[in-house]
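In the numbering used here, the protein residues as written are 684 to 1246.
Take a look at the structure set out below.
What follows is the structure, given as structure tokens:
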């Protein structure tokens, strides 16, 4: 006999809450709960602009890529504007730009004279490159420097060359975030809003125009996050396809399918492992994302199997998903990490390259190059855990979200009447690695909202964003005695932008909200976005090193700790 469709009987609490305006949320099919469909793009906007209905429909379908590409284009124009200025070696570019050039020439990091000698020679005309082929002890893996080296290969050892690839990755990360936000929220508007917020974040902007490693880590971690979102959708779609359908055609939960069905080959997890391997091989802090994302994806699998009807979803994941998840992600990351050391493996003069040659012992069955690398990396680990050298711009992680202590990357004080400075006033020319204040302070509120959504509403989107923020932020609290800097936070800036976008989406209201609520929400959200954009424009001179009168610089120092 055909089964009757299950009806939801309101609980006593729901009946009581109805007196105060509570409305039961509409029940969706199991298929749509597993695979939330993308809404059909509307063509009304395009019709009002003049195209024919057919052309308007085509433009609406292309909007899923068109609007993200437009946002990325604007972000790229801003990031490449005067990219070679200042013509100087900014902050830690003195290490990474030179190591990148050494990788390009030798395959490993060579030795340079003291920065006070080498830096002026590199910037001189004619240029002198005082690179020695003696291997140098460096404390970060090579991938980030290989990325920088690609720009130097194209444009030479000069400020534009060593900043070129970080500007490319900064621009592409805006495009990726637009698409990731679209998939996460099932909204092109909210996805593009998240990307636009990233485009006008001051810390992301400064790091996109500086040859440091942290933005490279951010890019590869964000790529891995996007791959795992695609994998989530694909795996849930396969699970939904395996569920039986009733006589009415609706998919229904099934215990046997939920407990035993496989999700097939998952190439996007392999891709995520590849990108996480690249992140770790730029900076070891990528390891925290590897561990956090593995746990996150397994919890996603638990949720999918629970919706599919599994009686024991955790047991089902342990039996059907855990092994494949670890095998997909971890080996791909390990192989990728080792592959990035190819130049060092092929060298004879790389630092510590021959340490294990001819050595016996318990581990002699392991190839000597791998043992030499392990010894080298152990020395790097000891360096990092023992790094306690005081620095004027170091900061405690507690202050990062509220922008307590930004880092001054570059500073000059042109004399009045010289170097473009007016004769009547002192000038300042600085580059400050400072997030856009209104964006970051809004993000603090947004994170509280996401904690509510995740803890009390079990919103997986909030959990995913919080997981990424936590992986990039919380581990630094383990090293509060170390010398750390606030610009390390650039690795989780994209997820702060997603958090703000999600909060603004809540201001707009869910589908079916009254017109009055929509208008008031749009006004509030639009006002905040405009204020954040204005805030970025206001601080633009101290993000780019423009010459401004000293009083103008001083008015931008909103907190005493910024000086």
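All C-beta atoms, glycine included, are put in the ideal place defined by N, C-alpha and C.
Pick from the options that is closest to residue i, judged by C-alpha positions
{"i": "residue 1032", "options": "754, 1177, 722 and 792", "result": "792"}
{"i": "residue 1015", "options": "973, 1055 and 1052", "result": "973"}
{"i": "residue 783", "options": "823, 998 and 749", "result": "823"}
{"i": "residue 1177", "options": "761, 787 and 864", "result": "864"}
{"i": "residue 1242", "options": "1093, 1089 and 1200", "result": "1089"}
{"i": "residue 1122", "options": "1078, 1222 and 1149", "result": "1222"}
{"i": "residue 1187", "options": "1210, 1171, 1198 and 1174", "result": "1210"}
{"i": "residue 756", "options": "841, 861, 1179 and 821", "result": "861"}
{"i": "residue 894", "options": "834, 1141, 924 and 1154", "result": "834"}
{"i": "residue 810", "options": "817, 896 and 841", "result": "841"}
{"i": "residue 942", "options": "1172, 950, 995 and 911", "result": "995"}
{"i": "residue 929", "options": "712, 915 and 1094", "result": "712"}
{"i": "residue 924", "options": "902, 1087, 817 and 718", "result": "718"}
{"i": "residue 797", "options": "1108, 781, 1012 and 885", "result": "781"}
{"i": "residue 1093", "options": "758, 723, 773 and 1057", "result": "773"}
{"i": "residue 799", "options": "815, 816 and 777", "result": "777"}
{"i": "residue 790", "options": "1096, 1028 and 1172", "result": "1028"}
Cβ-Cβ separation, residue j to residue i (assumed contact under 8 Å), whole Å
{"i": "residue 880", "j": "residue 891", "result": "No, residue 880 and residue 891 are not in contact; Cβ-Cβ is about 14 Å, not under 8 Å."}
{"i": "residue 813", "j": "residue 832", "result": "Not confirmed; about 18 Å, so no contact."}
{"i": "residue 765", "j": "residue 1227", "result": "7 Å"}
{"i": "residue 1035", "j": "residue 1059", "result": "4 Å"}
{"i": "residue 1201", "j": "residue 1191", "result": "7 Å"}
{"i": "residue 1182", "j": "residue 1138", "result": "So it is not a contact: roughly 15 Å between Cβ atoms."}
{"i": "residue 1205", "j": "residue 876", "result": "Wrong, their Cβ atoms sit about 12 Å apart, outside the cutoff."}
{"i": "residue 1151", "j": "residue 908", "result": "6 Å"}
Nearest-angstrom Cα separation, counted from residue j out to residue i
{"i": "residue 854", "j": "residue 1043", "result": "49 Å"}
{"i": "residue 852", "j": "residue 927", "result": "45 Å"}
{"i": "residue 705", "j": "residue 954", "result": "Only weak support is given to the placement of residue 705: the predicted model assigns it a pLDDT of 45, under 50, and the question is left unresolved by the model."}
{"i": "residue 1051", "j": "residue 1038", "result": "8 Å"}
{"i": "residue 847", "j": "residue 1146", "result": "34 Å"}
{"i": "residue 808", "j": "residue 795", "result": "19 Å"}
{"i": "residue 1049", "j": "residue 1067", "result": "26 Å"}
{"i": "residue 1159", "j": "residue 1080", "result": "6 Å"}
{"i": "residue 1208", "j": "residue 819", "result": "52 Å"}
{"i": "residue 983", "j": "residue 976", "result": "10 Å"}
{"i": "residue 957", "j": "residue 785", "result": "25 Å"}
{"i": "residue 970", "j": "residue 714", "result": "35 Å"}
{"i": "residue 771", "j": "residue 806", "result": "7 Å"}
{"i": "residue 871", "j": "residue 746", "result": "8 Å"}
{"i": "residue 987", "j": "residue 857", "result": "29 Å"}
{"i": "residue 873", "j": "residue 1005", "result": "32 Å"}
{"i": "residue 1003", "j": "residue 981", "result": "11 Å"}
{"i": "residue 968", "j": "residue 1091", "result": "23 Å"}
{"i": "residue 989", "j": "residue 919", "result": "11 Å"}
{"i": "residue 760", "j": "residue 962", "result": "26 Å"}
{"i": "residue 1230", "j": "residue 1154", "result": "38 Å"}
{"i": "residue 849", "j": "residue 1215", "result": "24 Å"}
{"i": "residue 1236", "j": "residue 1169", "result": "21 Å"}
{"i": "residue 1217", "j": "residue 722", "result": "32 Å"}
{"i": "residue 1019", "j": "residue 1055", "result": "18 Å"}
{"i": "residue 1110", "j": "residue 1140", "result": "52 Å"}
{"i": "residue 1124", "j": "residue 1189", "result": "18 Å"}
{"i": "residue 845", "j": "residue 839", "result": "8 Å"}
Which of helix, strand or coil DSSP assigns to residue i
{"i": "residue 840", "result": "coil"}
{"i": "residue 1176", "result": "helix"}
{"i": "residue 857", "result": "helix"}
{"i": "residue 1095", "result": "strand"}
{"i": "residue 1089", "result": "coil"}
{"i": "residue 704", "result": "For residue 704, the pLDDT reaches just 44, beneath the cut-off of 50, and the residue's location in the model is therefore unreliable, although a value from the coordinates is still provided. The answer is coil: DSSP assigns residue 704 none of H, G, I, E or B."}
{"i": "residue 794", "result": "strand"}
{"i": "residue 975", "result": "helix"}
{"i": "residue 1115", "result": "strand"}
{"i": "residue 812", "result": "coil"}
{"i": "residue 1194", "result": "coil"}
{"i": "residue 1104", "result": "coil"}
{"i": "residue 1231", "result": "strand"}
{"i": "residue 1241", "result": "coil"}
Near the ligand GTP: residue i beta-carbon under 7 Å from a heavy atom
{"i": "residue 796", "result": "Because no ligand of any kind appears in the structure shown, any question about the ligand GTP cannot be addressed here."}
Contact with chain C by residue i, beta-carbon distance below 8 Å
{"i": "residue 712", "result": "The question asks about chain C, but that chain is absent: this structure has only one protein chain."}
Kindly provide the ranges of any beta strand (DSSP E) runs that are 3 or more residues long and lie completely inside the region 902-961, ordered along the chain.
Entirely contained in the region 902-961, not one beta strand (DSSP E) run reaches 3 residues.
Can you give, in chain order, each stretch of the alpha helix (DSSP H) that sits fully within the region 865-898 and has at least 4 residues?
871-882 and 885-891
Length at least 4, wholly inside the region 1116-1140: the alpha helix (DSSP H) runs in chain order:
1120-1140
In chain order, which continuous runs of the beta strand (DSSP E) of length 3 or greater are located wholly inside the region 1006-1065?
none
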